[in-house]
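A.B. asks:
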Amino acid sequence: MQKRIVVLTGAGISAESGIKTFRDDNGMWKQYRFEEVASPEAWHKHPEVVLDFYNQRRKNVVEAEPNAAHKALVKLEDYFDVKIITQNVDDLHERAGSSDVIHLHGEIRKARSSNDPRLIYPIKGWQLNMGDKGEDGEQLRPHVVWFGEPVPYIEPAMEITREADILLIVGTSLNVYPAASLFQYASKKIPKFYVDPDANAEIQIPNLKIMKEKAGSALPDLVPHLIDNYM
Ligand code: APR
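In the numbering used here, the protein residues as written are -13 to 217.
Below is the structure:
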């Protein structure tokens, strides 16, 4: 039976692919107020502004490539049962080849009916516009979780984290709940690794090794270490 590695990822793992993080100096929330572009209120007030915000980000995602960090996690799958739980809405984990990815905050390359969340559609290219409708005749919206909306997969994510034998936390400021509380569901006894150049050294997580490095250089080193020492 392969050991289970759970990898909690955030915007930092895609930073070296040219996708902006949110709270770094040049982050997304330094350029936009999230209430104005990523909330149900914003959608109600000015849906075209929201669609344009996501179109710009989606174009960036379509043009981006997975980086060495995404690829290193794929390598782990040859030796471990790897479950990726990401806050990211990009599809770089999947495009790198990861086979088991949960998107806690949705997927930017998908759209859904603004009336029936079960009606989900892939977006061809990068544009989703006013007048694009689902089979129910309703305007399509980005298939992402906006501030104030529920996080549908948080329960299964907690269960998966509970069963982890090893936990990696990569490229997240651990600012946004409930995702930020997930690591607390991991057993106190298991080895944990936190990869973030700006990692908060005061963070109280038992059995944690902090790697204050970029994911693109840390993960290609960490993966062979895990294979050699924890298989
Ligand atoms: N490698 C690893 N980590 C990095 C890198 C890198 N190359 N570059 C930046 N980071 C780290 C930053 O130091 C920061 O701690 O990535 C983290 C990014 O934090 P945030 O910008 O807050 O992104 P994230 O934690 O994913 O935000 C969570 O907030 O706005 C919502 O829905 C949005 O999913 C997002 C959620």
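Glycine included, every Cβ here is placed at the ideal spot set by N, Cα and C.
The model shown is predicted, which means the values in this text are computed figures rather than measured ones.
#1: Please identify the residue among L(-6), G(-4) and V130 whose C-alpha is closest to the C-alpha of S99.
#2: Can we count E2 as close to the ligand APR, meaning its CB is less than 6 Å from some heavy atom?
#3: Can you give me the start and stop residues for the alpha helix (DSSP H) that H218 sits inside?
#4: With respect to the beta strand (DSSP E) encompassing L105, which residues constitute its N-terminal and C-terminal limits?
#5: Can you have a look at S85 and say buried or exposed, based on whether 16 or more other CB atoms are within 10 angstroms of its CB?
#6: Measuring alpha carbon to alpha carbon, tell me which of A1, P210, V137 and Y139 ends up nearest P52.
#7: Does the Cβ of N101 lie closer than 6 Å to at least one heavy atom of the ligand APR?
#8: What separation, rounded to the nearest whole angstrom, lies between the Cα atoms of L126 and V48?
#9: Once you ignore the five residues that flank L205 on each side, which residues in its own chain have a CB closer than 6 Å to its CB?
#10: Could you pull out every residue in the same chain whose Cβ sits closer than 8 Å to the Cβ of A50, ignoring the five residues on either side in sequence?
#11: W15 to M(-13), Cα distance in whole Å?
#12: Just grab the DSSP bridge partners of S99 for me.
#13: Mind checking E93: buried by the 16 CB within 10 Å criterion, or exposed?
C.D. replies: For this structure:
#1: Minimum Cα-Cα distance from S99 among the listed residues L(-6), G(-4) and V130 corresponds to V130.
#2: Look at E2: its beta carbon is less than 6 Å from one of the heavy atoms in the ligand APR.
#3: This structure does not reach residue 218, given that the chain is present from -13 up to 217, and the question cannot be answered.
#4: Neither: L105 is in no beta strand (DSSP E) and is coded neither H nor E.
#5: So S85 ends up on the exposed side.
#6: When the alpha-carbon of P52 is set against those of A1, P210, V137 and Y139, the nearest one is in A1.
#7: Exclusion of N101 from the 6 Å shell around the ligand APR follows from its C-beta lying no nearer than that to any non-hydrogen atom of the ligand.
#8: Distance between the alpha carbons of L126 and V48: 19 Å.
#9: Hits under 6 Å: A55 and A58.
#10: Hits under 8 Å: S0, S3, G4, I5, D76 and L78.
#11: Going by the C-alpha atoms only, they are around 43 Å apart.
#12: S99 pairs with L126.
#13: When all chains shown are included, E93 counts as buried.
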